Amino acid sequence: MIRALHRWPGLLALALVTILGLSGAALSVFPAAERIAAPQAEAGLTVAALADRIQAVYPGVEQIRRSPSGRITAYWFDQGAPGAAVINPATGEGVASADPNQAERWLTNLHRSLFLGDGGRIAMAAGAAAMLILSLSGATLVARRVGGWRRWFSPLRGPLAGRLHAEIARIAVVGLVLSSTTALWMTASTFDLLPDGGVLPVAPAEVSGETGFAPGRMPTLRRTPVAELRELSFPYPGDATDVFTLKTDRGTGYLDQGDGALLAWADLTGWERVSETIYMLHTGQGAATLGLVLGLMALGVPAMGATGVLVWLAGRPGRPRIRGNQPAGRAETILLVGSEGGSTWGFAATLHAALTKAGQSVHVGPMSGFGPERYTNARRIILLAATYGDGAAPASAKGFLDRLNATDRAPDIPLAVLGFGDRSFPAYCAFAKSVATAAEAKGWPELLPLDTIDRQSPQDFARWGGALGDALGIELELTHQPVQPQTTTLTLVSRRDYGAEVQAPTAILRFAFPRVSLGQRLLGGGFARFQTGDLIGILPEGGTVPRLYSLASGRRDGFIEIVVKKHPGGLCSGQLTALEPGDTVSAFLRPNPGFRPGRSRAPLILIGAGTGIGPLAGFVRGNTRRRPIHLFFGMRHPDSDFFYGEEFPGWQDEGRVSRLVTAVSRGARPHYVQDALRSEATQVAELIRNGARVMVCGGRDMAAGVAEALAEILAPAGLTPAVLKAEGRYVEDVY
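In UniProt numbering, the protein residues as written are 1 to 735.
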């Protein structure tokens, strides 16, 4: 609901809010420019002294005005001809024309009414209302995305357009709420929808009947500093019944022109002060610095409009439209989705359609919108939860666990949790498992035990659907067609072959960097942005399940590189190792944020064996900052499968790798990478105690052996691999 409330006003009112933002930003400059350009009154100058100075230069002066910027303007008649000028308060002389700035007037008319009178004012008020709705709903969505208001400025992830949209919103939202709210107030005041609230002094019943008393001698004017002046109007020449009218920041009064006596006075009312404060907050008049700040925030409107459209366009294919989605308060089945890339939403759409066909009323929404108080008619809650990185919550489930843990007790509504993941990753369905554990700890009744779907398997999903149907007492047939990721064609440019001598043919395959459109760069699609350690997915000809390979290169390298070992009977590996330069393959990118070296300068301990050297070599190649890297590499034989053996001497000379330790498992004395770690136990323990980060890549057996060796090495220091993982200093890419 909140997402729709944010999306549609934004799309429909994009032109209006853009005009409001750009014109408002431009207008914010004028108060500051006026304050800089206008001569300012010296401290302590009184209205009496100022009036005397101006009257000495312009005897026919009729009015003196002071704007919130401090600019003083005088208006007079000289031999029947009107005149006006900006005044230098030190001399009373005019120093500049008082004619209004034409550019400012044009922008003001555009900002207020689009040059269309009352109709335009109503249209711009609608734009301000849309901006207010966008600001409030956007702030709520940002809070959901980062996991709560307390994490407002926590780091964001995702495509560039989405991150820019949220980053600008986090900074500009306060100013936009303030500007749109004050704009609506001022519009309501213009159309007399708000009470006036102003009180003028009672007109004096009697005056002295005399004229000619100099303003400089009037006690009230001598007590009033110029800094408080708004306007001083002189009596009409020759009319002894007329009076001086003084308007200040405190109120309005009438002064006798014959003896200078204060005839009547009325203070500003509270309503007038509120109205003037709102005017100041909206225009910056009297608060030039605030105006500039609000103007800068207003510049975020067109930027957020452009990035918002890009986010909307990017999200259309990833999140399917669910027809007949019931409101949360009326649905019997609540289906909440935790998804990062969008594929889990497709399973949710399939489940929603099947349950609806079976006569159920179903609401589908993100896990980040979890709110038990909204599910007034719910009889069951089903969570479809993917996992991000090394067990973290995916984008649409941010904050779910925090909200659940903050409740005194879970809803008394049966729960089913279905996890989505890939068994080749160590953190398979880790987030779903965390959710199930937290729900059980809160006493949430169970509809079905925790179940998982491996690599978007339609068969696993259909099997689980049968179990759900049995639990509900209905026939439930789930036939899901996973949407294959959009692929890019990659062309092989070179290959290096290893392993033939030990019957383990392996190739380092280098593909040309594909052409990336501007839209992909902004939306993060295709191969617009990738880093070493991310995953490349390849769907082999004749296969249905993509095979994932760790990237040995990043975007800055200008090419795409992977290390592939041919497995007996392996469909994908067989096709890849048969490629020749010029051949092509269709591939897609999948981020692997849990396997990154990070930006720290702390040493890296890289541990890998076999093709696991791929991303580790990529980290070394990209180490232009010469961060200390200690690489432990296990191979069968140095003459057959010392992958990247040609590059390592040069990388060592350049300082990209501090130390290279190899372990050979097919020699006279078999030596594995975990044995190499034990032989360097003292240095490894010292590096880790001093903050080093450990990264392991390779097969499961190797990773288990490495963990066991590190546990022995770190035991005297009171550390374990589990502790390092909890601290984010031990990460694995295991297959």
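Just so you know, even glycine gets a beta-carbon here, dropped at the ideal spot from N, CA and C. Please read all numbers here as calculations on a predicted model, not as lab measurements.
Kindly indicate which three-state DSSP category residue i falls into: helix, strand or coil?
| i | result |
| --- | --- |
| Thr190 | helix |
| Tyr388 | strand |
| Ile474 | coil |
| Leu178 | helix |
| Ile508 | strand |
| Val364 | strand |
| Gly429 | Here residue 429 is Cys; the residue named in the question, Gly, does not match the sequence. Three-state result, Cys429: coil. |
| His282 | helix |
| Pro204 | coil |
| Gly466 | helix |
| Ile171 | helix |
| Met297 | helix |
| Pro317 | Confidence in Pro317 is poor, its pLDDT being 47 and thus under 50, which makes the residue's placement unreliable; the coordinate value appears in the next sentence. It is helical. |
| Glu501 | helix |
| Arg163 | helix |
| Pro597 | coil |
| Glu446 | strand |
| Leu579 | coil |
| Thr407 | coil |
| Leu246 | strand |
| Thr211 | coil |
| Thr307 | helix |
| Gln456 | coil |
| Asp259 | coil |
Along the chain, where does the alpha helix (DSSP H) containing residue i start, and where does it finish?
| i | result |
| --- | --- |
| Phe420 | Note, Phe420: premise wrong, no alpha helix (DSSP H); beta strand (DSSP E) at 415-421. |
| Ala353 | 343-357 |
| Lys565 | First-last for Lys565: 559-565, but that is the beta strand (DSSP E), not the alpha helix (DSSP H). |
| Asn109 | 102-113 |
| Glu62 | Counting along the chain, Glu62 falls outside any alpha helix (DSSP H), though it belongs to the beta strand (DSSP E) covering 61-66. |
| Ser23 | 14-27 |
| Leu134 | 117-146 |
| Ser424 | Ser424 -> no alpha helix (DSSP H), and no H or E assigned at all. |
| Pro638 | 638-641 |
| Asn623 | Per DSSP, Asn623 belongs to no alpha helix (DSSP H) and is neither H nor E. |
| Asp653 | 648-653 |
Do we get a CB-CB distance below 8 Å when we pair residue i with the residues of chain C?
| i | result |
| --- | --- |
| Glu228 | The structure shown has no chain C; it contains just one protein chain. |
Taking Cβ positions, are residue i and residue j nearer each other than 8 Å?
| i | j | result |
| --- | --- | --- |
| Leu539 | Ser550 | no |
| Val657 | Ile629 | yes |
| Leu335 | Leu384 | yes |
| Arg403 | Ala328 | no |
| Gly537 | Gly295 | no |
| Ala266 | Pro204 | no |
| Pro89 | Leu50 | yes |
| Leu418 | Ala439 | no |
| Gly608 | Phe648 | no |
| Ala339 | Pro394 | Here residue 339 turns out to be Ser, not Ala, going by the sequence shown. Cβ atoms of Ser339 and Pro394: closer than 8 Å. |
| Phe588 | Arg510 | no |
| Val706 | Leu677 | yes |
| Gly473 | Ala354 | no |
| Val564 | Thr532 | no |
| Pro31 | Ala288 | yes |
| Arg463 | Asp422 | no |
In terms of residues, what are the limits of the beta strand (DSSP E) holding residue i?
| i | result |
| --- | --- |
| Ser494 | 488-498 |
| Gly338 | 333-338 |
| Glu93 | 93-97 |
| Thr252 | 251-256 |
| Arg230 | 229-233 |
| Arg547 | 547-550 |
Residue i bridges to which residues according to DSSP?
| i | result |
| --- | --- |
| Thr241 | Partner(s): none; Thr241 has no beta bridge. |
| Leu589 | Ile536 |
| Phe632 | Ile607, Val661 |
| residue 797 | Any answer about residue 797 is impossible in this case: the structure gives the chain only from 1 up to 735. |
| Arg265 | According to the sequence provided, residue 265 is Trp. The question's Arg does not apply to it. Answer is Gly253, bridged to Trp265. |
| Gly83 | Trp76 |
| Asp451 | Leu418 |
| Leu383 | Leu336, Val417 |
| Asn88 | Glu93 |
| Pro225 | Thr46 |
| Ala544 | A quick correction: the sequence has Thr, not Ala, at residue 544. Thr544 pairs with nothing; no bridge assigned. |
| residue 740 | No answer is possible for residue 740: the residues shown for the chain start at 1 and end at 735. |
Every unbroken beta strand (DSSP E) inside the segment 668-721 [3 residues or more]: Listed in chain order, the complete beta strand (DSSP E) runs (minimum 3 residues) inside the segment 668-721 are 693-698.
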